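Colleague: I have a structure here, written as structure tokens, and I will follow up with some questions on it.
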Amino acid sequence: METVYGVGISRGILFGKCVFFEQKALNSSFVRVQDVKSELERWKKAVKETHRQLTELYENTVDTIGPANAMIMKVHEYILDDVLFVGKVEEQIRNLSCNAEYAVFTAGRYFAKSLSQAKDKYIKTRADDVKEVCLALIRNLGGGDRNERAAFFRMLGNRTKSESLVLVTREIFVSDVLDFERCHIRGFITKAGSAMAHASILAQSLGLVTLVGTGKNLRDAGDKDVIISGCENMAILSPDQETIEKYTRRKEMKDREKARLKDMIGKGSLTKDGRKIQVMANVTGLKDAQKAKECGADGIGLFRSEFMYLGRETAPSEQEQFEIYKELLELSGIDFVTIRTIDVGPDKTPDYFSDLAPEGSPAAVRGIRFCLTHPEVFITQLRALLRASVYGKLKILLPMITSIAEIEETKKILESLKNELNRSQIAYDKDLALGIMIETPAAVMIADKLAKVVDFFNIGTNDLTQLTFAADRNSREFSLDDTVILRMVDIAVLAAKEHDIPVSVCGVYASDVVLLGDFVGLGADSLSVPAEHIGEVKEKISELSFVEQVGTVKNKIKK
0 METVYGVGIS
10 RGILFGKCVF
20 FEQKALNSSF
30 VRVQDVKSEL
40 ERWKKAVKET
50 HRQLTELYEN
60 TVDTIGPANA
70 MIMKVHEYIL
80 DDVLFVGKVE
90 EQIRNLSCNA
100 EYAVFTAGRY
110 FAKSLSQAKD
120 KYIKTRADDV
130 KEVCLALIRN
140 LGGGDRNERA
150 AFFRMLGNRT
160 KSESLVLVTR
170 EIFVSDVLDF
180 ERCHIRGFIT
190 KAGSAMAHAS
200 ILAQSLGLVT
210 LVGTGKNLRD
220 AGDKDVIISG
230 CENMAILSPD
240 QETIEKYTRR
250 KEMKDREKAR
260 LKDMIGKGSL
270 TKDGRKIQVM
280 ANVTGLKDAQ
290 KAKECGADGI
300 GLFRSEFMYL
310 GRETAPSEQE
320 QFEIYKELLE
330 LSGIDFVTIR
340 TIDVGPDKTP
350 DYFSDLAPEG
360 SPAAVRGIRF
370 CLTHPEVFIT
380 QLRALLRASV
390 YGKLKILLPM
400 ITSIAEIEET
410 KKILESLKNE
420 LNRSQIAYDK
430 DLALGIMIET
440 PAAVMIADKL
450 AKVVDFFNIG
460 TNDLTQLTFA
470 ADRNSREFSL
480 DDTVILRMVD
490 IAVLAAKEHD
500 IPVSVCGVYA
510 SDVVLLGDFV
520 GLGADSLSVP
530 AEHIGEVKEK
540 ISELSFVEQV
550 GTVKNKIKK
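Numbering that gives the first Met the number 0 puts the first residue of the sequence shown at 0, with every later residue one more than the last.
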């Protein structure tokens, strides 16, 4: 029996049989070519073929994994089209008279190294995307292991469906994950990788139980029984009978817990002493919204509209946006939909906006600042939202607010658009609610003033934490003092209550089973969480006493 530690990407427990795949080094050694022009043509054909594969992959999977996850393929296409990357490869071929495989390898190594040295963890992990694109290119140039991998996956596909296979290898790529379903692979263990790598994110969305970053090759793991415990960040190879029985009991307990949480679907979320707390869902598209409905969401608390703009050559038109908003609002069983206006950032800026959102501070040209400095984008979205508002209960949410002036300017634009619609006799909801994200320290400090001019608050704990502590939101390198954020939430909630407007909390902390009790005690009217956490959050609320939570959290923030 051997225990291997790494980073678990899911909370599940998986019993499986290991299959090992030896990843061979890419054939990317230097070869001098006589005909540079022909080599450039060979490179361009490989780019075209890789583009075709990525497009096909996107089209075949977008309905299964949702547009947000399928966007990974689009990110890879952006790399293929990147002028710096393409220029570097072609420069190498011309200047060194070298083969395309070597040029791709050296260009990829150069850009991956630059990304891996970035301070921001999200940008660091994008080095994996560069590596994967280079791998695909070299495979299509004939210098990779594409045929061997295809044969390996075909072999797995022929094994009995009753087996739960665990792939053990050096690292996993997005294209591999999408092949897993037909190969009976239910999890994987890798030497390399991180929780933020796209393959890991995709694996989590598909319900795979995984362990990455073990630092071990595990060549002798093939055909061994294995237990992966994602919540414990470990895998047990060749477990003995006592260990099997122990984890069998744990898995049965988790399965019973999952079944119990399903019972929360359709039920309200009341504390033990009768206070109602709405539990809403964060979504990125129509598929997510449908899942939220199935999981018993009281409403859509946060629709991240910026995802509509990604993976396209041009921004969505007013009519395209209208159709999406209309379909969202017409979902039966969903009481209301809160749509956040576009919030582009350094990790989610479409190419056609790149000149509008220059590099700099992550918050420099985000949210409402971007919208107000680029009214052609903002007006198109607001007009589509107004037109769709008659098809259901719509709330408009403005991100990254820092001043009263930003709200006043938005209201002027809305008033002008309403006048246009009146003249054209186009209907819209005249009682449309306008709210703001409280996610900057500036917004917290003027929350009493902001509450006078909007209809609701949505407290975004992710960006509020990042901006308050001047930290990477995914940082685990130091401990963040939760009481600081709780005090800021307290200020915002008190301001909202004073002016009789509802307040919601969203972000990672909203589904934290410890902190959500604090938010309830501070007076939050609702929580907005990922759809898969709705049952868990509702159950936790039902176990709480509002009166007791008020006393607990007030004592906590006074210390």
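Yeah, the Cβ is synthetic: ideal placement off N, Cα and C, and Gly gets one too. No experiment lies behind these values; they were computed from the predicted model shown.
Hey, out of A69, K555, V176, M399, whose CA is closest to I442's CA?
Modeller: Correcting the residue identity first, residue 442 is Ala in this sequence and not Ile. For the residues A69, K555, V176, M399, the minimum Cα distance to A442 belongs to M399.
Colleague: When you compare each of F84, Q33, V552 to S113 by their alpha carbons, which one comes out closest?
Modeller: F84
Colleague: Among residues of its own chain, excluding the 5 on either side of P508, which ones have a beta-carbon nearer than 6 angstroms to its beta-carbon?
Modeller: Inspection of the sequence shows that residue 508 is occupied by Tyr rather than by Pro. Correct list, in chain order: T460, L514.
Colleague: I'd like to check one pair, D222 with C17: are the Cβ atoms closer than 9 angstroms?
Modeller: yes
Colleague: Is it right to say S199 is buried, meaning 16 or more other beta carbons lie within 10 angstroms of its own, or is it exposed?
Modeller: buried
Colleague: Among the residues of its own chain, which have a CB less than 6 angstroms from the CB of V512, if the five just before and after it don't count?
Modeller: K539
Colleague: Grab the span of the alpha helix (DSSP H) containing G516 for me, first residue to last.
Modeller: Unbroken alpha helix (DSSP H) run through G516: 514-521.
Colleague: Among D127, I137, G516, which residue has its Cα nearest to the Cα of S28?
Modeller: I137
Colleague: Select from A426, N457, R386 the residue whose C-alpha is nearest the C-alpha of G506.
Modeller: Across the set A426, N457, R386, the C-alpha of N457 shows the shortest separation from the C-alpha of G506.
Colleague: Since V208 and G229 should fall inside the 8 angstroms C-beta cutoff, what is the C-beta to C-beta distance between them, to a whole number of angstroms?
Modeller: By a beta-carbon distance limit of 8 angstroms, V208 contacts G229. Their separation comes to about 5 angstroms.
Colleague: For V176 and L543, what's the separation of their Cα atoms in angstroms?
Modeller: Near 40 angstroms, if we compare the C-alpha coordinates of L543 and V176.
Colleague: Pick out whichever of K325, E319, I227 has its Cα sitting closest to the Cα of T242.
Modeller: I227
Colleague: So, is D272 buried or exposed, given that buried needs 16 or more other C-beta atoms within 10 angstroms?
Modeller: exposed
Colleague: Residues bridged to V504 by DSSP?
Modeller: V504 is bridged by DSSP to I458, L526.
Colleague: Distance, Cα to Cα, K130 vs V389?
Modeller: Going from the Cα of K130 to the Cα of V389 covers about 47 angstroms.
Colleague: Suppose contacts are defined by Cβ-Cβ distances below 9 angstroms. Is K394 in contact with F455 by that definition?
Modeller: For K394 and F455, yes; Cβs fall inside 9 angstroms.
Colleague: How about A135 and L53: are their beta carbons less than 9 angstroms apart?
Modeller: In this structure, the beta-carbon distance from A135 to L53 falls below 9 angstroms.
Colleague: How is Q318 classed by DSSP in three states: helix, strand or coil?
Modeller: helix
Colleague: Quick check on G7: does DSSP put it in helix, strand or coil?
Modeller: strand
Colleague: Return the CA-CA distance between A288 and G206, expressed in angstroms with no decimal places.
Modeller: 18 angstroms
Colleague: If we count the other Cβ atoms within 10 Å of its Cβ and call it buried at 16 or more, is E147 buried or exposed?
Modeller: exposed
Colleague: Express the C-alpha separation of H75 and S174 in angstroms, rounding to a whole number.
Modeller: 11 angstroms
Colleague: Say whether the segment 245-258 touches the segment 515-533, bearing in mind that this needs 3 or more beta-carbon pairs closer than 8 angstroms, one atom from each stretch.
Modeller: no
Colleague: Taking all protein chains shown into account, do 16 or more other C-beta atoms lie within 10 angstroms of the C-beta of K537, making it buried, or fewer, making it exposed?
Modeller: buried
Colleague: Please report the straight-line C-alpha distance between S474 and N421, rounded to a whole angstrom.
Modeller: Interpretation of S474 is limited by its pLDDT of 46, a score under 50 that renders its predicted location unreliable; no figure is taken from the coordinates.
Colleague: Could you give the DSSP three-state label for F110: helix, strand or coil?
Modeller: helix
Colleague: Would you call the CB atoms of A523 and V546 closer than 9 angstroms?
Modeller: no
Colleague: Could you spell out the range, first to last residue, of the beta strand (DSSP E) harbouring G366?
Modeller: Not the beta strand (DSSP E): G366 falls in the alpha helix (DSSP H), residues 366-372.
Colleague: The beta strand (DSSP E) that contains C17, what's its start and end?
Modeller: 12-19
Colleague: Pull the bridge partners of S228 from the DSSP assignment, please.
Modeller: I12, M233
Colleague: Given this structure, state the Cα-to-Cα distance separating L396 from I338, to the nearest angstrom.
Modeller: 6 angstroms
Colleague: Just to confirm the assignment: which complete beta strand (DSSP E) runs, minimum length 3, are found wholly within the segment 129-208?
Modeller: 164-168, 184-189
Colleague: Quick one: what does DSSP say M252 is sitting in, helix, strand or coil?
Modeller: Helix at M252.
Colleague: Runs of 3 residues minimum, wholly inside the segment 260-300: which ones carry the beta strand (DSSP E) assignment?
Modeller: Whole beta strand (DSSP E) segments, 3+ residues: 277-282.
Colleague: Could you tell me which of K215, G300, Q318, I71 sits nearest to T168, measuring between CA atoms?
Modeller: K215
Colleague: Do you know offhand how far V376's Cα is from M487's?
Modeller: Spanning the two alpha carbons is a distance of roughly 32 angstroms.
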